[in-house]
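For the sequence shown, the residue numbers in this note's numbering are 7 to 594. Heads up, the beta-carbon is just placed ideally off N, CA and C, and yes, glycines get one too. Being a predicted model, the structure only gives us computed values, none of them experimental. Inspection log for the structure reproduced underneath, given as structure tokens.
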Amino acid sequence: MSESRSVSDKKVINNLKSGNYRNCYLVYNRKSTDEADNQKNSIDYQKKENISFAKRETLKVADISIDGLCVNGVISERHSGFKESGDLQISEDGVVKFRIDRPKFQRLVQLINQGHIKGMICLCWDRISRNKADDTVIRKLMKKGADIRFVHAQYANSSAGELHMDIDGMFAQHHSRVTSEKVRLSTRNSRSQGKCTYRAPIGYLNEGNMDHKPFDPERALKVKELFELYATGDWSLADLQRHTAKQGLTAPPMRRHRTKEEMLADEDIVPEKVAKPIQRGYLAKILRNQFYIGKVKRLDGGYIDSISHEPLVSVDVFNRVQDLLSSKNVSRHYTEKIDYPLRGVLRCAHCHRVYTPYKKKGVLYFNSRCVDGCTNTVRNCNFAHVSDKVREVIVGLHLSEQELEMLDSRASTDIALLEHRRMQEFERMDRQKKSLRGELAYLREHRLQLLKEGVYTPSELVGEQTKLETELDGLRQDEAISEEAIRGLIKDVVKLSELLKGLVPTYDFADPYEKEKIIRAIFSELSISQDTLKFKLEKGLAPFETRIVDLCGQKSWLSELYRDREYIWLKVQALQSFSDSNVLDSVN
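Okay, here's the thing in structure tokens:
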């Protein structure tokens, strides 16, 4: 069934791309609230009004159905139009990128932008947008020629029409802001009064009324018994878990999160409620929850006496339970950490948390406890995966034959030009050095006189002297760059490239600890972003990260390369140890 649907979708998409629906429209409906009295927001109402409008205006609706997008040309989406993504990318050439959170709306604007359909029909402005980012997308499409029709509004092609559009967009955003503000204010006031504005825990009923959270007749007494049993000191959490299983105590029925396919479905799919058994971790949360002694959480994390519910457990019993839990909550500290490869090397590229190594069934894994809100979804990966990603980087580090030829050619040319320029500028540099030495000597000899006469303040005098010494050191460094030194540097770069190329077979046959030594010798940082390995190379290998051929396009590429000559030489010596010895020794 899914295969035939996929084939059908591909045919529809091919027809779209071929231009068969270029003069057709798609209907867009969006529902952002479940308010029963707000009929304007219901999908059925929007669909009825939009279809009637299309017939009245003789607008042809594309009779197409695409799984996860539309049915008979009608798109129905249940998603907030107010929230917008915070991601923003601006490229060097001025291209601005940001993500549209609504998946169906995103695909719709892509079809319009690509010219596969003429436009869309919707009820009013606040159905397609309640934020400035989406407003911008819609306006860009309209200026590009997209025909976007609104059932409850018409915007003239004039300054007055633009103003009308501005006002509707502003009020759409303002309505959402006011609603959000009212909800936050109401929650804050209710919490401060002692009302339970959140879901009550097991043992209480949630009937949609924050002013009254009654006892659950099926679970309340069983939950109270858990506190009393644990307070005796004779029961462990494992014992209580087995007891709850015998008693038939389960968590209140809850619906699972909808899958992506269910969220994209045209019809409302509501998963069934499922009552799950009580787990040990859930038991610990129950026994530590002050809700059972008549408290509710404040917004600052503290607790206040509740006016929404009655206590289920006495304060004395609750305190005895807390004392027992604290006495058994013993932290485990290791005097020595297990020596696993890449410990402390691998990090999350977004929140910079370290991936901690651990073994499971003989396989080495890495786990990161990323901060809340971290966009990196890869929290676990194994050593083999990381090792393969590192190998891909190492394989691409060495210079190709073409790059080596370009390097040699450019080096010979630039060395010749450098020597010619040095001969021409030698006298000028010599005069400049003499001038700088004279100024420095004058400052040292007449320091007190210059300070007394107010020519310089003490800090200005020190700053001027430092400036002259820096300029003099720069001239000395330029003189030190000789042809022989540069040719030796180029040889080291070529040698380093050969060592990197020959390192791949050594890496392939190395064990995890030996691979770690190679990795630490090449990389200063390793981080994971989704399924991508990001890295920074050690000093001396930077030219291979940016590619020396790219540096050849800069006038000062030899000078920049020369600054790293010591690091390049050290890396040659370090990587040479891998090829000189069959046993991997520690490297610098």
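Integer Cβ distance of isoleucine 310 from glycine 209, believed to fall under 8 Å: Not really, about 19 Å apart at Cβ, beyond 8 Å.
Roughly how many whole angstroms lie between the Cα atoms of arginine 133 and aspartate 99? Arginine 133 and aspartate 99 have their C-alpha atoms some 33 Å from each other.
Reduced DSSP category for valine 351 - H, G, I as helix; E, B as strand; rest coil: coil
In whole angstroms, what is the alpha-carbon distance linking isoleucine 106 and lysine 301? Separation of isoleucine 106 and lysine 301 (C-alpha to C-alpha, rounded to the nearest whole angstrom) is 41 Å.
Cβ pair count under 8 Å reaching 3, the stretch 28-37 against the stretch 108-127: Contact holds: three or more Cβ-Cβ distances are below 8 Å.
Can you name the start and end residues of the alpha helix (DSSP H) that aspartate 107 belongs to? From DSSP, aspartate 107 is part of no alpha helix (DSSP H); its letter is neither H nor E.
Buried or exposed: aspartate 217, going by 16 or more other Cβ atoms within 10 Å of its Cβ? exposed
By a C-beta neighbour count over all protein chains shown, 10 Å radius and 16 as the cutoff for buried, is histidine 263 buried or exposed? exposed
If you draw a straight line from the alpha carbon of glycine 402 to that of serine 583, how long is it in whole angstroms? C-alpha separation (whole angstroms): 21 Å.
What residues are listed by DSSP as bridge partners for phenylalanine 529? Bridge partners of phenylalanine 529: Leu543.
Taking the alpha carbon of valine 280 as the reference point, which residue from Tyr298, Arg294, Lys291, Pro259 has its own alpha carbon closest? Considering only Tyr298, Arg294, Lys291, Pro259, the residue with the shortest C-alpha distance to valine 280 is Pro259.
Boundaries (first-last residue) of the beta strand (DSSP E) holding glutamate 595: Here the chain comprises residues numbered 7 to 594, so residue 595 is not present and cannot be evaluated.
How about the stretch 321-328 and the stretch 225-239: do they share at least three Cβ pairs that are nearer than 8 Å? yes
Please return the same chain residues whose Cβ sits closer than 6 Å to the Cβ of leucine 211, not counting the five positions on each side in sequence. Around leucine 211: Pro220, Asp222.
State the DSSP-derived secondary structure class of isoleucine 49, mapped to helix, strand or coil. helix
Roughly how far, in whole angstroms, is the beta-carbon of valine 327 from the beta-carbon of tyrosine 204, given that I think they are within contact range, below 8 Å? About 22 Å separates the two Cβ atoms, so there is no contact after all.
Comparing alpha-carbon positions, which option in Pro283, His315, Ala139, Pro277 lies nearest threonine 250? Pro283
Output the residue ranges of the alpha helix (DSSP H) runs that lie fully inside the stretch 273-337 and measure 4 residues or longer, sorted by chain position. 286-294, 321-334
Just how far apart, CA to CA, sit valine 399 and glutamine 120? 36 Å
Helix, strand or coil at arginine 262 according to DSSP, with G and I counted as helix: Looking at arginine 262 - three-state DSSP - the assignment turns out to be coil, as it is neither helix nor strand.
Candidates Val384, Glu544, Gln579, Arg493, of which the one nearest aspartate 537 by Cα: Val384
Tell me whether valine 101 is buried or exposed, calling it buried when 16 or more other Cβ atoms sit within 10 Å of its Cβ. The residue in question, valine 101, is exposed, as its Cβ has fewer than 16 Cβ neighbours within 10 Å.
Cβ neighbour criterion (16 or more within 10 Å) applied to lysine 561: Confidence is the limiting factor: at lysine 561 the pLDDT is only 43, short of 50, which leaves the residue's position unreliable and the question unanswerable from this model.
Please look up how many angstroms separate the CB atoms of leucine 22 and leucine 169, rounded, as I've assumed it's under 8 Å. Not a contact, Cβ separation roughly 35 Å.
Close Cβ partners of valine 510 (< 8 Å) along its chain, the five nearest in sequence each way excluded: Arg397, Ile400, Val401
Measuring alpha carbon to alpha carbon, tell me which residue in Asp73, Asp517, Ser164 is nearest tyrosine 346. Among Asp73, Asp517, Ser164, the Cα nearest to that of tyrosine 346 belongs to Asp517.
Roughly how many angstroms separate the alpha carbons of valine 292 and glutamine 247, rounded to a whole number? The displayed chain sequence assigns isoleucine, not valine, to residue 292. Roughly 12 Å separates the two Cα atoms.
How many Å lie between lysine 303 and serine 332 at the Cα? Per the coordinates, the alpha-carbon of lysine 303 lies some 21 Å from the alpha-carbon of serine 332.
Give every residue of the same chain whose Cβ lies closer than 8 Å to the Cβ of histidine 358, excluding the five residues on either side of it in the sequence, and list them in chain order. Ser533
Taking the alpha carbon of valine 3 as the point to measure from, which residue in Lys66, Arg349, Leu370 has its own alpha carbon closest? The requested residue 3 is not part of the displayed model; the chain covers only 7 to 594.
First and last residue of the uninterrupted alpha helix (DSSP H) at glycine 100: Here glycine 100 belongs to no alpha helix (DSSP H), and DSSP marks it neither H nor E.
Leaving out the 5 sequence neighbours to the left and right, which residues in its chain are closer than 7 Å to alanine 152 when beta-carbon positions are compared? Ile118, Gly125
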